[in-house]
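Working notes, beginning with the structure itself.
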Amino acid sequence: MKNVLVAKILYEIADLLEMEDVEFKPRAYRKAARSVEALSKPIEQVSAEGKLDELPGVGANIAKKIVEIIETGSLKYYEELRKRTPVDLEGLLSVEGIGPKTVKLLYTRLGVKSLDDLERAARLHKIRMIKGLGSKTEENILGSIELARSKKERVLLGSALPIAERISEGLKEAIAADGIVIEVEVAGSLRRMKETVGDIDILATCMQPRHVLDIFAAMRGVRKVLDKGETKCSVLLEDNMQVDLRVVEEKSFGSALMYFTGSKDHNIAMRRIAMEKGYKLNEYGLFNDTVQIAGRTEEEVYKHLDLDYIPPELREDHGEIEAAKKHELPNLIRYGAIKGDLHTHTKWSDGLQTIEQMAQAAEDIGYSYIAITDHYSRMKIARGLTELQLRNQMKQIDQIDGKLSGIRVMKGAEIDIRKDGSLDARKELLKELDVVVASVHGTFKQTKKEMTNRIISAMESGYVDVIGHPTSRKIGEKKPCEIDMERVFETSKRTQTYLEINSQPQRLDLDDANVRLALEFGCRLAVNTDAHNHEQLKNIRLGVAIARRGWAEAEDIITTQPLINLMKTLRKS
DNA sequence: GCCGTTTTCGGCCCGACTGTTTTCAGTCG
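Whatever position you read off the first sequence (first residue = 1), add 175 for the numbering used here.
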């Protein structure tokens, strides 16, 4: 599956062309790249079927280039562009505030090719000497460069999860084909559903550990075997992700799973409890002297320590052990509990699919409602709709909704919260919508107080149902805005304006800590995907994971409610 | 380089903000 590679090259061509002041082509390449990225099947398959030019944004020329990438792993056109400006484009562009034009400028004037070069140039105050740049730019670069570097070290949950699942499924299938019984589980921070992970840990139990390790080391996608022993094998995948596989005896599977799931702090606390009871806990089991009294499953280990079972998402030593002791753990929202999505986009604004396609996809995953909330903006953010366009869309949604019986399609919009906290839409228009999502786009350089008031104003307007991606953070790219969250939570509760848990892999905003705090304030939240294509509707599990990590129960999340209850919850019903 | 019930050629999103500038380029969403 070369989708990621193809998309990456197309994106980079766009940046390279932009560097050279080429007009319009960058946009064309980006559109094609997004199409490839959104694809659920291998690009090779689409190519083999001769259907590349059916992808939105892919014409004869780009199709030809994609074929070349599939066949050779690279692209002459791309290599030539790179030769003209041989820099670590991806790295340099990951610095906030630096775009293709600045990369070009820094390269031609200072020979900056890498993040290290950039940092050196900034420290030596060479950047401020360039016409068009200044001391402020230099300071900003130094401020963002660490963040840009750290991005490489951890991978988004949303990226790592499918890789881990593919590997564990592949392993199961390969072993099963040999007629051998195997049990495989993903462990580590990935199992705890942390928003980013450093590597992938997989645990297996099998009577023939060596056979499992051999198959694992020879799997497709493995670039390098880092080390391989009797029970453990570490490999580096083609995309630089490290995967560790451990094979343990069946009688130790539960305790090993606990041990390798962590967190470290949770494990330490657990071992202390075992000690207090006169036992010993390690990855091989729970022991009374030398006799193993538990270890086959996690459940029996917790039980023998007089604790309720603690779901992996809670294992951070943030009070979960005390709660488990007192039988006060939350009844966490289940992964399948979501009944609908209140934040989605279509090709009317910057999405990829039609309203029908999004609604159909939502119905297919078992939802009973979906709100179409394309960007609406008087300032044309992300191809926002005009009032006339939105009214046309509303008519079309009504027609589509009339035709579909299995799912309710709701009229909505994502409205920009302007700098002064006012909504970028006429109130009369908002009244006609079923769902109003209001979000901050463009965080400027506002103070904490200004930003807090900006969001609170929107909540107090009386026209907003959901605040979209409340802190505007992007993991590894953009820090969350400084906001007085407690004031926001208080207002959310008072005005019954629901804060979103945005399920986009790079957002996950609110984050787990804020979710937990919001719940303490008595807020209810909305888990949405902000999907820009139908595949992204499936990101909902990431949002639910964050809800679980924030100790949320189903009742805390309005999108678990059936339609009739939801309508009572929203203000415009 | 792509695309089309107003077009197969001529458009293609655009406004705000920042940091640099004396009127604007680059970045962002």
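Positions of the beta carbon are idealized from the N, C-alpha and C atoms, including for glycine. Keep in mind that this is a model prediction, so the values were computed, not measured.
Residue(s) in a DSSP beta bridge with R583:
On the first sequence, residue 583 is found 408 positions in, with the first residue counted as 1. Y544, per the DSSP bridge assignment.
Extent of the continuous alpha helix (DSSP H) to which V179 belongs:
If you number the first sequence from 1, residue 179 lands on position 4. Start and end: 178-194.
Count the other CB atoms, across all protein chains shown, that sit within 10 Å of the CB of T646; report buried if there are 16 or more and exposed otherwise.
Position 471 of the first sequence, counted from the first residue, corresponds to residue 646. By the 10 Å Cβ count, T646 comes out buried.
Apart from the five residues on each side of it in sequence, which residues of its chain come closer than 7 angstroms, Cβ to Cβ, to S524?
Within the first sequence, residue 524 is the residue found at index 349, counting from 1. Hits under 7 angstroms: D549, H550, A557, R558, G559, L560.
Quick one: what does DSSP say I468 is sitting in, helix, strand or coil?
As a first step, residue 468 must be located in the first sequence, where it is residue number 293. In this structure, I468 counts as strand in the three-state DSSP scheme.
With 16 as the cutoff for other CB atoms within 10 Å, does G526 come out buried or exposed?
Looking up residue 526 in the first sequence gives position 351. Classification for G526: buried.
Label S597 either buried or exposed according to how many other C-beta atoms from any shown protein chain fall within 10 Å of its C-beta, with 16 as the threshold for buried.
Within the first sequence, the letter at position 422 stands for residue 597. Exposed.
Please tell me whether R421 and L378 are closer than 8 angstroms, where the distance is taken between their beta carbons.
Position 246 of the first sequence, counted from the first residue, corresponds to residue 421. Position 203 of the first sequence, counted from the first residue, corresponds to residue 378. In this structure, L378 lies closer than 8 angstroms to R421 by Cβ.
Go through its chain and collect everything with a Cβ distance to N708's Cβ below 7 angstroms, but skip five positions before and after it.
Taking the first sequence and counting its residues from 1, the one referred to as residue 708 is at position 533. So the list reads A213, G526, L527, Q528, once near-sequence residues are dropped.
With DSSP collapsed to three states, give me the class of K522.
The residue you call residue 522 lines up with position 347 of the first sequence. Here K522 sits in coil by DSSP.
Quick one: grab the DSSP three-state call for R257.
Within the first sequence, residue 257 is the residue found at index 82, counting from 1. Helix, per DSSP.
Here's the rule I'm using: 16 or more other beta-carbon atoms within 10 Å means buried, otherwise exposed. How should D196 be labelled?
Taking the first sequence and counting its residues from 1, the one referred to as residue 196 is at position 21. D196 comes out exposed.
Is the segment 222-231 close to the segment 197-210, with three or more CB pairs under 8 angstroms?
yes
Under 6 angstroms Cβ to Cβ from L192, same chain only, skipping five residues before and after it: list those, please.
Translated into positions along the first sequence, residue 192 becomes position 17. If we look at L192 and ignore the five residues flanking it on each side, its Cβ neighbours are K200, P201.
Give me the Cβ distance between S543 and R583, rounded to the nearest whole Å; I'm assuming they're in contact under 8 angstroms.
Taking the first sequence and counting its residues from 1, one reaches residue 543 at position 368. Taking the first sequence and counting its residues from 1, one reaches residue 583 at position 408. That pair is a contact at about 7 angstroms.
From the DSSP output, in three-state form, read off E358 for me.
Counted from its first residue, the first sequence places residue 358 at position 183. Looking at E358 - three-state DSSP - the assignment turns out to be strand.
Should L299 go down as buried or exposed, given a rule of 16 or more other Cβ atoms within 10 Å for buried?
Within the first sequence, residue 299 is the residue found at index 124, counting from 1. Exposed: under 16 other Cβ atoms inside 10 Å.
What three-state label does DSSP hand K620 in the structure shown?
Walking along the first sequence from the start, residue 620 turns up at place 445. It is coil, neither helix nor strand.
On the criterion of 16 or more Cβ atoms from any shown chain inside 10 Å, does T465 qualify as buried, or is it exposed?
To locate residue 465, count along the first sequence from 1; it is residue 290. By the 10 Å Cβ count, T465 comes out exposed.
Per-residue burial, E358 [other beta carbons within 10 Å of its own, 16 or more giving buried]:
Here residue 358 is taken as the residue at index 183 of the first sequence, counted from 1. Under a 10 Å Cβ-count criterion, E358 is classified as exposed, with fewer than 16 other Cβ atoms of the shown protein chains found around its own Cβ.
Which runs of the alpha helix (DSSP H) spanning at least 4 residues fall entirely within the segment 452-505, listed in chain order?
473-479, 495-500
Compare the Cα-Cα distances from M585 to each of I592, K570, Y454 and report the closest residue.
Taking the first residue of the first sequence as 1, we reach residue 585 at position 410. That would be K570, whose Cα lies nearest to the Cα of M585.
G643, enclosing alpha helix (DSSP H) - first and last residue:
Numbered from 1 along the first sequence, position 468 holds the residue referred to as residue 643. That residue, G643, is in no alpha helix (DSSP H); its beta strand (DSSP E) goes 641-643.
Identify, in the order they occur along the chain, each residue of the same chain with its Cβ nearer than 6 angstroms to the Cβ of P275, setting aside the five sequence neighbours on each side.
As a position in the first sequence, residue 275 is number 100, starting the count at 1. Excluding sequence neighbours, P275 sits near D190, E193, M194.
One or two residues paired with V270 in a DSSP bridge
As a working note, residue 270 is residue 95 in the first sequence. In DSSP, V270 forms no bridge with anything.
Can you tell me the Cα-Cα spacing of G163 and M433, whole angstroms?
Coverage of the chain is limited to positions 176 through 748, which leaves residue 163 absent and any answer about it impossible.
What whole-angstrom Cβ distance do E589 and H518 have, given they're in contact under 8 angstroms?
Here residue 589 corresponds to residue number 414 of the first sequence, with the count starting at 1. Here residue 518 corresponds to residue number 343 of the first sequence, with the count starting at 1. Sure, about 7 angstroms apart at Cβ, within 8 angstroms.
If the criterion is Cβ atoms closer than 8 angstroms, does the pair R629 and V615 meet it?
Numbered from its first residue, the first sequence carries residue 629 at position 454. Numbered from its first residue, the first sequence carries residue 615 at position 440. Taking 8 angstroms as the Cβ cut-off, R629 and V615 qualify as a contacting pair.
Buried or exposed for H502, going by 16 or more other Cβ atoms inside 10 Å?
Taking the first residue of the first sequence as 1, we reach residue 502 at position 327. By the neighbour-count rule (16 or more Cβ atoms within 10 Å), H502 is not buried but exposed.
Report all residues from its chain with a CB closer than 6 angstroms to the CB of V287; omit the five preceding and five following residues, and keep chain order.
By 1-based counting over the first sequence, the position of residue 287 is 112. Around V287: L281, L293, A296.
How long is the line joining the alpha carbons of K713 and A238, rounded to whole angstroms?
Here residue 713 refers to the residue found at position 538 when the first sequence is read from its first residue. Here residue 238 refers to the residue found at position 63 when the first sequence is read from its first residue. Rounded to the nearest angstrom, the two C-alpha atoms are 27 angstroms apart.
Since L741 is in the beta strand (DSSP E), which residue starts that stretch and which ends it?
Locating residue 741 in the first sequence gives position 566, where the first residue counts as 1. Taken as a continuous stretch (DSSP letters only), L741 belongs to no beta strand (DSSP E), being part of the alpha helix (DSSP H) at 738-744.
Going by the CB atoms, is the gap between H520 and A706 shorter than 8 angstroms?
In the first sequence, residue 706 corresponds to position 531, counting from 1. In the first sequence, residue 520 corresponds to position 345, counting from 1. Contact flag set, yes.
Return the residue from the list G396, E635, K369, V476 that minimises the CA-CA distance to S667.
For the purposes of this step, residue 667 is taken as residue 492 along the first sequence, with counting starting at 1. Comparing Cα positions, the closest option is E635.
Apart from the five residues on each side of it in sequence, which residues of its chain come closer than 8 angstroms, Cβ to Cβ, to L482?
In the first sequence, the residue the question calls residue 482 occupies position 307. Hits under 8 angstroms: I448, I496, A499, K500.
Given that a residue counts as buried once 16 or more other Cβ atoms are within 10 Å of its Cβ, and exposed if not, what is N677?
Looking up residue 677 in the first sequence gives position 502. By the neighbour-count rule (16 or more Cβ atoms within 10 Å), N677 is buried.
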